[in-house]
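Undergrad:
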Amino acid sequence: DGVVLVDPEQVKGKKVYVMLSCTFRYGRDDMDVMGMAFRRDIFLCSRQVYPPLQDKERSVHTKVQEKILRKLGDNAYPFFFEFPDNLPCSVCLQPGPTDVGKHCAVEFEVKAFCAENQDEKAQKRSSVRLAIRKIQYAPDKGGAAPSAETTCEFIMSDKPLHMRVSLEKETYYHGEEINISVDIDNSSNRNLKDLSVSVEQVTNVVLYSNDKYVKTVAYEETTDTVPSGTSLKKVYTLCPLLDDNRDRLGLALDGKLKHEDTNLASSSIVKDEVLKEILGMLVAYRVVVKSNAAGIVGSSEVAVEVPFKLMHPKPDPVSEDTTDLVFEEFKRSYLKGVIGDDDESPAEP
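Read left to right, the sequence shown gives residues 125 to 473 (my numbering).
(1) Across the segment 374 to 381 and the segment 345 to 364, are there enough close Cβ pairs to call them in contact, namely three or more that are closer than 8 Å?
(2) When DSSP builds the beta bridges, which residues end up paired with D335?
(3) Do you know offhand how far V140's Cα is from V173's?
(4) I need the straight-line Cα distance from L362 to E277, nearest angstrom please.
(5) Considering only their Cβ atoms, is the gap separating K357 from S311 smaller than 9 Å?
(6) I'd like to check one pair, V289 with V428: are the Cβ atoms closer than 9 Å?
(7) Rounded to a whole number of angstroms, what is the C-alpha to C-alpha distance between P202 and K136?
(8) Starting from C216, follow its DSSP beta bridges and name the residues at the other end.
(9) Quick check on this structure: which residue in V426, E345, V326 has the alpha carbon closest to the alpha carbon of K336?
(10) Buried or exposed, going by whether 16 or more other CB atoms sit within 10 Å of the CB of P437?
(11) Got a sec, what are the start and stop residues for the alpha helix (DSSP H) R194 sits in?
(12) Please list the terminal residues of the continuous alpha helix (DSSP H) segment that includes V135.
(13) Label M158 either buried or exposed according to how many other C-beta atoms from any shown protein chain fall within 10 Å of its C-beta, with 16 as the threshold for buried.
(14) Tell me which residues share the same chain as P176 and place their Cβ nearer than 7 Å to its Cβ, disregarding the 5 neighbours each side in the sequence.
(15) In this structure, does DSSP put I256 in helix, strand or coil?
(16) Report the option in F167, K248, A417, Q134 whose CA atom is closest to the CA atom of D318.
(17) Looking only at its own chain, which residues have a Cβ that is under 6 Å from the Cβ of V329, when we skip the five neighbours before and after it?
(18) Return yes when the C-beta of N210 is under 8 Å from any heavy atom of the ligand GTP, and no when it is not.
(19) Considering Cα atoms alone, identify which of N241, V430, C146 is closest to F205.
(20) Which residues mark the beginning and the end of the beta strand (DSSP E) in which Q178 is found?
(21) Hey, would you say R164 sits closer than 9 Å to H227, going by beta carbons?
(22) Just to confirm, is the Cβ distance from T295 to M435 under 9 Å?
(23) Leaving out five residues before and five after I192 in sequence, what residues of the same chain have Cβ atoms less than 6 Å from its Cβ?
(24) So which of P270, I166, F162, H286 has the shortest CA-CA distance to K414?
(25) Could you compute how far the alpha carbon of V306 sits from the alpha carbon of S424?
(26) Smallest Cα separation from E190: which of L217, V252, D125, K235?
(27) Just mark V321 as buried or exposed, buried being the case when its beta carbon has 16 or more other beta carbons within 10 Å.
(28) Leaving out the 5 sequence neighbours to the left and right, which residues in its chain are closer than 7 Å to T186 when beta-carbon positions are compared?
(29) Rounded to whole angstroms, how far is the Cβ of V412 from the Cβ of E324, which I believe are closer than 8 Å?
(30) Could you give the distance in angstroms between the alpha-carbon of L144 and the alpha-carbon of S214?
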């Protein structure tokens, strides 16, 4: 939901439309100029807001819209969009220091433009664009606490090695510590050493390229060993944060607005009836516990992976209703020296 402020004298008898778009971008920004389309519109929807098709006083407004309409006066017109269930969330891949102009992201934008009809191409000087984010919150009820285990049998060893890894819950919030329970019963004739615990982010770019990125976002290399005939029960704690991974190329982040920081990308939740290709990028997380079982004839890696979800908590509806609004004057001239004349980046008032 939002509001558009219209100057009837500037509109000069034309109509004002608002468009919501979801776009997947992949590749270098300058390729679009060369005629090579490295972007795909996943969703487009437009509404006429002026002249209004419905009496403004009779339409239903959200509390935020009511505040804005009272502030802006009679020339402000509300609009409302509803996201389809199959749309992805805002997400982008973090570029490296030398990746100037490269971009891989799912982006959302609201654009208000003045035209004779909604199919007419919007001119830059007759439009205002605002980048927005689509965020998916953690479900109210999480699944069962995840766990995984493995049993390894070795040559010249009568008994096996057993490793079990478990988490306290399925869904964790950004910035929350993850307690990882490791239970090892080493009945084999090998000595277990080089035990490490990590959190990995797995990103699949399923539109265009089908690339896969696996990035370690939290890691601890322990000094713990499990000699033959002994056992180990211990809890390790990791906290995956963007602050510890600022320079990691290809790391998936939640979509961000200009001049605002973001965080590691949230886990993708895909409904059964939705085609994965439409989502652009899929993000998942897993805890990985690795160790080496050393013996006379060499060493073997022992590893266990446990998937989990990393998401935002659902906001308190009371705090949303009491949100204070700050109004700032916006003019395109304010962007001189900040955004070039040919820059197609969304301007944010």
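Even for Gly, the Cβ is constructed at its ideal location relative to N, Cα and C.
TA: Quick answer:
(1) no
(2) V329
(3) 6 Å
(4) 30 Å
(5) no
(6) yes
(7) 20 Å
(8) A229, L377
(9) V326
(10) exposed
(11) 187 to 196
(12) 132 to 135
(13) Below a pLDDT of 50, predicted positions are generally treated as unreliable, and M158, at 45, falls in that range; the measurement from the model is reported next regardless. M158 comes out exposed.
(14) Y201
(15) strand
(16) A417
(17) D335, M405
(18) Ligands are entirely absent from the displayed structure, and the ligand GTP is therefore not among its contents.
(19) C146
(20) Premise fails: Q178 is in no beta strand (DSSP E) and is neither H nor E.
(21) no
(22) yes
(23) V127
(24) H286
(25) 19 Å
(26) D125
(27) buried
(28) D125
(29) 6 Å
(30) 14 Å
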